[in-house]
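Novice: Each residue of the sequence shown is one higher than the one before, counting from 326 in my numbering.
Ideal Cβ positions, reconstructed from N, Cα and C, are used throughout, including at glycine.
Structure below; questions to follow.
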Amino acid sequence: MEGVLTDASNLTARVLYTTADGQPTGRRGLYKPIRGEAPLRDFPEGTLGRREVAAFLVSEAGGWGLIPRTIMSEGPLGPGSVQRWIDWEPTGRGPGDGLLEIFPAGAVPSGWLAVVHGEGAEGQPVAVAHQDAPDLASLAVLDVVLNNADRKGAHLVRDAEGHLWGFDHGLTLHAEDKLRTVLWGWAGQPLPADDVERLQTLRDSLSRAHADGAGTAAPADGHAPPTTADSAGTAISALISPWEFQALSDRVDELLTEAIFPALPTERYALPWPLW
């Protein structure tokens, strides 16, 4: 292990990948051991790592490609999720810079969508807004599919090539509606055509898993079987509970039926805290 991320809510370490004989490969990953997961009131204990892997598989099964490769693996602190490390260059304005920003109220520039209004440190009216970018909209669709309960600005980066990546998906794929995100700017708008196609691809994969009898038993050891395009749904079902797998399928069906971004819920708080 190279070191621990001190601002993470669960034990998270950056690790060096090695070959089978222990030789460094020069590649890095984020390692989250199951034993380092903090207990939560509304998510079953010891399941966050499996949700990280399942979220990656959902992204791949639909063709989004917005979550770095994530697997379950043995590490120095036992089994846990390991995600490919993404190098990125911050601009110095804090986490989420360039994607989520604070502007004076009434002065949100073109190309940005306001999410919430409030007061700044000195009591001045401000608006929090995110970019109106196609890849960010696609990630917002993926978050609805995943039922992401913790999409903060700090969980979004662009790499040196400009590719968007989303991180930290332990609080996903719950059977109950828990979507909490900073990406509400498209609420009520039609889904992008490309994302409708991705949803159809994902539904096909999940349907094949249902036909094969997947999702009928709880996961045994948290390790997904080897995956192909045809087996992704089965791999996902091995990582979450049967009712969570059914809820995932239902969310995909609902999105395809309505083909619009969901509206902000009125019966519960819909933003993560903090926003960054």
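In terms of DSSP beta bridges, what is A452 paired with?
Specialist: On the sequence shown, residue 452 is found 127 positions in, with the first residue counted as 1. Note: A452 sits in a beta bridge opposite F428, H442.
Novice: When burial is assigned at 16 or more other CB atoms within 10 Å of the CB, is E579 buried or exposed?
Specialist: Here the question's residue 579 lines up with position 254 in the sequence shown. Per the 10 Å Cβ criterion, exposed.
Novice: Taking S398 as part of the beta strand (DSSP E), name the residues at either end of that continuous run.
Specialist: Position 73 of the sequence shown holds residue 398. Counting along the chain, S398 sits inside the beta strand (DSSP E) bounded by residues 395–400.
Novice: Can the beta-carbon of V441 be found closer than 7 Å to that of V451?
Specialist: The residue given as residue 441 occupies position 116 in the sequence shown. The residue given as residue 451 occupies position 126 in the sequence shown. Cβ distance not < 7 Å, so V441 and V451 don't count as in contact.
Novice: Counting only the same chain and skipping the five closest in sequence on each side, list residues whose C-beta sits under 8 Å from that of A512.
Specialist: As a working note, residue 512 is residue 187 in the sequence shown. Counting only residues of its own chain and dropping the five nearest sequence neighbours on each side, A512 has a CB closer than 8 Å to the CB of F586, P587, A588, L589.
Novice: List the endpoints of the continuous beta strand (DSSP E) containing S406.
Specialist: Residue numbering aside, residue 406 sits at position 81 when the sequence shown is read from its first letter. Segment 403–409, the beta strand (DSSP E) holding S406.
Novice: Taking contact to mean 3 or more Cβ pairs, one atom from each stretch, closer than 8 Å, check whether the region 460–472 and the region 507–526 are in contact.
Specialist: Contact between the region 460–472 and the region 507–526 is present: 3 or more CB-CB pairs across the two stretches fall below 8 Å.
Novice: Do you know offhand how far Y342's Cα is from E399's?
Specialist: For the purposes of this step, residue 342 is identified with residue 17 of the sequence shown, where counting begins at 1. For the purposes of this step, residue 399 is identified with residue 74 of the sequence shown, where counting begins at 1. Rounded to whole angstroms, Y342 to E399 spans 12 Å at the Cα level.
Novice: Could you say which of W490, G448, R353, E486 lies nearest to L464 if we only look at CA atoms?
Specialist: Stepping through the sequence shown from its first residue, residue 464 is reached at position 139. Among W490, G448, R353, E486, the Cα nearest to that of L464 is on W490.
Novice: Taking the alpha carbon of A474 as the reference point, which residue from L596, A345, W601, N335 has its own alpha carbon closest?
Specialist: Sequence index remark: in the sequence shown, residue 474 carries index 149 (1-based). Among L596, A345, W601, N335, the Cα nearest to that of A474 belongs to L596.
Novice: Taking the alpha-carbon positions, what's the E486 to D460 distance?
Specialist: Indexing the sequence shown from 1 puts residue 486 at position 161. Indexing the sequence shown from 1 puts residue 460 at position 135. Taking the straight line from one Cα to the other gives about 14 Å.
Novice: Please determine, among P358, G351, A500, D502, the residue with the shortest C-alpha to C-alpha distance to V407.
Specialist: Within the sequence shown, the letter at position 82 stands for residue 407. Out of P358, G351, A500, D502, P358 has the C-alpha closest to the C-alpha of V407.
Novice: The alpha helix (DSSP H) that contains T610, what's its start and end?
Specialist: Nothing can be reported for residue 610, as the shown portion of the chain is limited to 326 through 601.
Novice: Do L336 and G361 count as a contact pair if the criterion is CB distance below 7 Å?
Specialist: For the purposes of this step, residue 361 is taken as the residue at position 36 of the sequence shown. For the purposes of this step, residue 336 is taken as the residue at position 11 of the sequence shown. Contact flag set, yes.
Novice: State the Cα-Cα distance for the pair G431 and W410, rounded to the nearest angstrom.
Specialist: What you label residue 431 is simply residue 106 of the sequence shown in a count that begins at 1. What you label residue 410 is simply residue 85 of the sequence shown in a count that begins at 1. Their Cα atoms are separated by approximately 38 Å.
Novice: Going by DSSP, what residue range makes up the alpha helix (DSSP H) through A572?
Specialist: Numbered from its first residue, the sequence shown carries residue 572 at position 247. Segment 567–583, the alpha helix (DSSP H) holding A572.
Novice: Could you tell me the boundaries of the beta strand (DSSP E) in which A338 lies?
Specialist: In the sequence shown, the residue the question calls residue 338 occupies position 13. From DSSP, the beta strand (DSSP E) with A338 extends over 338–343.
Novice: Is it right to say R576 is buried, meaning 16 or more other beta carbons lie within 10 angstroms of its own, or is it exposed?
Specialist: As a first step, residue 576 is located in the sequence shown; it is residue number 251 there, counting from the start. Per the 10 Å Cβ criterion, buried.
Novice: Could you give the DSSP three-state label for R360: helix, strand or coil?
Specialist: In the sequence shown, the residue the question calls residue 360 occupies position 35. Residue state, collapsed to three classes: helix.
Novice: Please check the pair A333 and L498, which I expect to be a contact at CB under 8 Å, by giving their CB distance rounded to whole angstroms.
Specialist: As a working note, residue 333 is residue 8 in the sequence shown. As a working note, residue 498 is residue 173 in the sequence shown. Actually they are not in contact, since the Cβ atoms of A333 and L498 sit about 20 Å apart, beyond 8 Å.
Novice: Return the chain-ordered list of same chain residues with a C-beta closer than 8 Å to the C-beta of P434, the five sequence neighbours on each side being excluded.
Specialist: As a position in the sequence shown, residue 434 is number 109, starting the count at 1. Closer than 8 Å at the Cβ level, and outside the excluded window around P434, lie F428.
Novice: Can you give me the start and stop residues for the alpha helix (DSSP H) that L461 sits inside?
Specialist: The count along the sequence shown starts at 1 and reaches residue 461 at position 136. 459–471 is the span of the alpha helix (DSSP H), which, as asked, contains L461.
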